[in-house]
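See below for the structure under consideration.
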Amino acid sequence: MAYYVTTPIYYVNAEPHLGHAYSTMAADVLARHMRQRGEDVFFLTGTDEHGEPIELAAERAGVTPQELADRNAAKFEALLPIIDATNDFFIRTSDPRHAERVAEIMQRVYDNGWVDKGTYEGWYCPRCADFKSEREQAPERTCPIHEIPLEEVREENWFFRLSAFQAQLEGLYEERPDFVVPEVRRNEALSFIEGGLEDVSLSRPKLKWGMPLPWDPEQRMYVWFDALLNYVTALGFAREGEDLTERFWPADLHVMAKEILKFHAVIWPALLWAADLEPPKRMAIHGFLLMGEKKMSKSLGNVLDPFEAIERYGADALRFYCFREVSFGQDGAISTAGFEARYETELANDFGNLASRVLAMVDRYRDATVPPAQVDAVLAEDFEGAVERFSGLLDRAELSQALEEAWRLVRRLNRYVEETRPWELAKDEADPERLDEVLYNLAEGLRVVTLLLVPYLPQTSDRLLAALSEDSRALAELGSHPGGQRIDRLPPLFPKIETGS
Ligand code: MSP
6 MAYYVTTPIY YVNAEPHLGH AYSTMAADVL ARHMRQRGED VFFLTGTDEH
56 GEPIELAAER AGVTPQELAD RNAAKFEALL PIIDATNDFF IRTSDPRHAE
106 RVAEIMQRVY DNGWVDKGTY EGWYCPRCAD FKSEREQAPE RTCPIHEIPL
156 EEVREENWFF RLSAFQAQLE GLYEERPDFV VPEVRRNEAL SFIEGGLEDV
206 SLSRPKLKWG MPLPWDPEQR MYVWFDALLN YVTALGFARE GEDLTERFWP
256 ADLHVMAKEI LKFHAVIWPA LLWAADLEPP KRMAIHGFLL MGEKKMSKSL
306 GNVLDPFEAI ERYGADALRF YCFREVSFGQ DGAISTAGFE ARYETELAND
356 FGNLASRVLA MVDRYRDATV PPAQVDAVLA EDFEGAVERF SGLLDRAELS
406 QALEEAWRLV RRLNRYVEET RPWELAKDEA DPERLDEVLY NLAEGLRVVT
456 LLLVPYLPQT SDRLLAALSE DSRALAELGS HPGGQRIDRL PPLFPKIETG
506 S
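Mapping the sequence shown onto my numbering, position 117 (from 1) lands on 122, and the numbers just tick up by one.
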């Protein structure tokens, strides 16, 4: 079955930071997991290159918007292999192939009668490229996200007739209770809808860096319309000579943080209906990574550089840390000290040591071959249904709970080592069958848990699965292995790193 997952497309007014990497890593965890389930996966990410935020940043930097976009898009793209993202395409909205398709779709929206002319009066944040209603404003007419004064705007605009979709949106939320997860975000979106929808401005007359409206080229398209449509347009040109739209639309999952909920959960389905397209199946909304008490963001100047963190600890450790430290869906603070602590206690001790010990014992006591044996009843209880639970959690985009489910097995295997004390069983070999059984169960448990961890720890799991002679990544064939395979010893998976930066 097709599985299409996306990240937000990121603004190129600044360089990527860990907040952006976080959404991309989350989508990548899901993409990798779904591939392990045999799904036909398409994973899209990219950059949002039009609009006032980019125009303003380019002006400040003394370059053209396209130059700034080229420079920063390259940095976003360069981050992908570093965080081990397995995206299938990278879309840039300044790509003429995107523009062509946006014009086509927006013309359809216009022809279908969903666009009106009117006067806009309101309060606008140039960094969000968004108007803020009275209830969305922070005190003293400031932007709650960027903490800057809002601008009063009065202008002639085209409007998208969002208000006409009120009932249809309410119907969608009723029919599909998991359209937006987690539930708190669903309720937020639904109450926004139930509060009464107003038409939204579709164009800005003053904007220079944006796409012209096909029916009124004097006006430039409000960046959010051009941006949202990336999820559809990309499918049209991601593969030379092939249109993937039929195969992958509607998208299975849009991943993003909560500040862009309204655009995706309210405006986006309506825009798609207006263009005779289906809304996406679901969206997963996560919280903010915080540094101290504030959202990590370039404009607040408190970013953790993912390039630096990865150079020191590797991409696996960063991926692991983010989903472990911050419960996916909620806001959570991250810190270098927290990262180092989890690296040491969980990755190096819990998992790295378990792997080293198991491989070393099989090597030493059984000549590097896993002895064929039966599943130990005391472990069967813990492993029974674990894959289904893990997959079920990821179906609901519960990335931290799924990781905890796998980690529960890691801890269980460590306890099993302590309970069975294989080194004592090996001393006199009074009961060689029991030692066979214990080693088999450890190797098998390690193989299963490592297969589950593939999406979180792609590099480590590759090394470890190779050492366990496991070629397949498929979860369907996870049933217990009969044993008899060769293993290799490995140097520590998470070596000690000098701290005290
Ligand atoms: N261009 C729009 C999105 C258009 S999607 C059709 C945009 N871009 S952005 O560069 O501001 O990226 C916002 C997204 O980056 C968030 O929704 C989230 O996915 C990610 N994050 C940016 N900072 C983040 C944190 N501090 N914490 C978690 N995610 C963060 O909005």
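Ideal Cβ placement from N, Cα and C applies to all residues, glycine included.
Coarse secondary structure for P274, derived from DSSP in three states:
Locating residue 274 in the sequence shown gives position 269, where the first residue counts as 1. Note: P274 maps to helix in three-state DSSP.
Going residue by residue through the region 7 to 46, where are the continuous alpha helix (DSSP H) segments of at least 4 residues, counting only ones entirely within it?
23 to 41
For E54, the nearest candidate out of R347, T11, W119, Y227 (CA to CA):
For this step, residue 54 is matched to residue 49 along the sequence shown. The residue with the shortest Cα to Cα distance from E54 is Y227.
Whole-angstrom distance between F328 and L408, CA atom to CA atom:
Taking the first residue of the sequence shown as 1, we reach residue 408 at position 403. Taking the first residue of the sequence shown as 1, we reach residue 328 at position 323. Looking at the backbone, the Cα of L408 and that of F328 are separated by about 8 Å.
Can you tell me which of G297, K137, A378, A79 puts its alpha carbon nearest to the alpha carbon of Y15?
Sequence index remark: in the sequence shown, residue 15 carries index 10 (1-based). Checking every option, the nearest Cα to that of Y15 belongs to A79.
Could you say if the region 99 to 106 and the region 121 to 135 meet the contact criterion of at least three C-beta pairs nearer than 8 Å?
A contact is defined here as three or more CB-CB pairs under 8 Å, and the region 99 to 106 fails this definition with respect to the region 121 to 135.
Can you say whether T124 is buried or exposed, counting buried as having 16 or more other CB atoms within 10 angstroms of its CB?
On the sequence shown, position 119 is the one that residue 124 refers to. Its Cβ having fewer than 16 others within 10 Å, T124 is exposed.
Compute the distance between the beta-carbons of L480 and R42, then report whether it is under 9 Å.
Within the sequence shown, numbered from 1, the residue matching residue 480 stands at position 475. Within the sequence shown, numbered from 1, the residue matching residue 42 stands at position 37. Yes, the Cβ-Cβ distance between L480 and R42 is below 9 Å.
Flag this pair as touching only if the region 455 to 472 and the region 431 to 439 have three or more C-beta atom pairs under 8 Å; answer yes or no.
no
Around the C-beta of A402, are 16 or more other C-beta atoms found within 10 angstroms, so that it is buried, or is it exposed?
As a working mapping, residue 402 is identified with position 397 in the sequence shown. Buried: at least 16 other Cβ atoms inside 10 Å.
Where DSSP assigns a beta bridge to N162, which residues make up the other side?
What you label residue 162 is simply residue 157 of the sequence shown in a count that begins at 1. G123, per the DSSP bridge assignment.
Does the beta-carbon of P487 have 16 or more other beta-carbons within 10 angstroms, so that it is buried, or is it exposed?
Taking the first residue of the sequence shown as position 1, residue 487 is located at position 482. A residue is called buried once 16 or more other Cβ atoms fall within 10 Å of its Cβ, and P487, having fewer, is exposed.
Nearest to D75 by CA position, among L266, P58, L240, T52, is which residue?
The residue you call residue 75 lines up with position 70 of the sequence shown. Ranking L266, P58, L240, T52 by Cα distance to D75 puts T52 first.
With 16 as the cutoff for other CB atoms within 10 Å, does K122 come out buried or exposed?
Residue 122 sits at position 117 when you count from the first residue of the sequence shown. With fewer than 16 other Cβ atoms within 10 Å, it is exposed.
Which one of E313, A448, L364 has the shortest CA to CA distance from I87?
If you number the sequence shown from 1, residue 87 lands on position 82. With distances taken between Cα atoms, I87 lies closest to E313.
Could you tell me which residues DSSP pairs with W128 in its beta bridges?
As a first step, residue 128 is located in the sequence shown; it is residue number 123 there, counting from the start. K137, E157.
Can you tell me whether P187 is buried or exposed, with buried defined as 16 or more other CB within 10 angstroms of its CB?
Within the sequence shown, the letter at position 182 stands for residue 187. Result: buried.
For N512, count the other beta carbons within 10 Å of its own beta carbon; 16 or more makes it buried, fewer makes it exposed. Which is it?
The chain is shown from 6 up to 506; residue 512 falls before or after that span and cannot be answered.
Per-residue burial, P284 [other beta carbons within 10 Å of its own, 16 or more giving buried]:
Indexing the sequence shown from 1 puts residue 284 at position 279. Under this definition P284 is a buried residue.
Would you kindly check if the distance between the Cβ of E429 and the Cβ of R452 is under 9 Å?
The residue you call residue 452 lines up with position 447 of the sequence shown. The residue you call residue 429 lines up with position 424 of the sequence shown. Not closer than 9 Å, so no.
Report buried or exposed for K137, applying the criterion of at least 16 other Cβ atoms within 10 angstroms of its Cβ.
In the sequence shown, counting from the first residue as 1, residue 137 sits at position 132. Flag for K137 reads buried.
Would you say the beta carbon of D33 is closer than 8 Å to some non-hydrogen atom of the ligand MSP?
On the sequence shown, position 28 is the one that residue 33 refers to. No, the Cβ of D33 stays beyond 8 Å of every heavy atom of the ligand MSP.
Just reading off the alpha helix (DSSP H) that I198 is part of, what are its end residues?
For the purposes of this step, residue 198 is identified with residue 193 of the sequence shown, where counting begins at 1. Run containing I198: 188 to 199, per the alpha helix (DSSP H) assignment.
Could you tell me whether the Cβ atoms of L218 and W273 are closer together than 9 Å?
The count along the sequence shown starts at 1 and reaches residue 218 at position 213. The count along the sequence shown starts at 1 and reaches residue 273 at position 268. Not a contact, by the Cβ cut-off of 9 Å.
What's the C-alpha gap between C148 and L167?
In the sequence shown, counting from the first residue as 1, residue 148 sits at position 143. In the sequence shown, counting from the first residue as 1, residue 167 sits at position 162. Rounded to whole angstroms, C148 to L167 spans 23 Å at the Cα level.
Spatial neighbours of S506 within its chain, please: CB distance less than 7 Å, with the 5 preceding and 5 following residues excluded, ordered by chain position.
Within the sequence shown, residue 506 is the residue found at index 501, counting from 1. In this prediction, S506 has a pLDDT of 45, which is less than 50 and means its spatial position is unreliable; what the coordinates show is noted afterwards. Cβ within range, chain order: T341.
Taking 8 Å as the cut-off, is the beta-carbon of T12 closer than that to any non-hydrogen atom of the ligand MSP?
Mapped onto the sequence shown, residue 12 falls at position 7. Yes, Cβ of T12 sits closer than 8 Å to a heavy atom of the ligand MSP.
By the three-class DSSP mapping on this structure, what secondary structure does P285 have?
In the sequence shown, counting from the first residue as 1, residue 285 sits at position 280. Note: P285 maps to coil in three-state DSSP.
Is V237 helix, strand or coil when you go by DSSP?
In the sequence shown, counting from the first residue as 1, residue 237 sits at position 232. V237 carries a helical assignment under DSSP once its states are collapsed to helix, strand and coil.
Since G337 sits in a beta bridge, which residues does DSSP pair it with?
Mapped onto the sequence shown, residue 337 falls at position 332. For G337, which the question treats as bridged, DSSP gives the partners L294.
Whole angstroms is fine: what's the gap from P255's alpha carbon to S99's?
Your numbering for residue 255 matches position 250 in the sequence shown. Your numbering for residue 99 matches position 94 in the sequence shown. Taking the Cα positions, P255 is about 23 Å away from S99.
Note the first and the last residue of the continuous beta strand (DSSP E) segment covering H259.
Within the sequence shown, numbered from 1, the residue matching residue 259 stands at position 254. 258 to 262 is the extent of the beta strand (DSSP E) around H259.
Excluding the 5 residues preceding and the 5 following R97 in the sequence, name in chain order all residues of the same chain whose CB lies nearer than 7 Å to its CB.
As a first step, residue 97 is located in the sequence shown; it is residue number 92 there, counting from the start. The beta carbon of R97 is closer than 7 Å to those of G51, T52, E54, A78 in its chain, skipping five residues each way along the sequence.
Assign Q335 to buried or exposed, taking buried as 16 or more other Cβ atoms, counted over all protein chains shown, within 10 Å of its Cβ.
For the purposes of this step, residue 335 is taken as the residue at position 330 of the sequence shown. It counts as exposed.
Does at least one heavy atom of the ligand MSP sit under 8 Å from the Cβ of M226?
Here residue 226 refers to the residue found at position 221 of the sequence shown. Checking the Cβ of M226 against the ligand MSP gives no.
Which one of L364, D257, M366, V454 has the shortest CA to CA distance from A45?
Counting from one through the sequence shown, the residue named residue 45 turns up at place 40. Contrary to the premise, residue 45 reads as Asp rather than Ala in this sequence. Closest by alpha carbon: D257.
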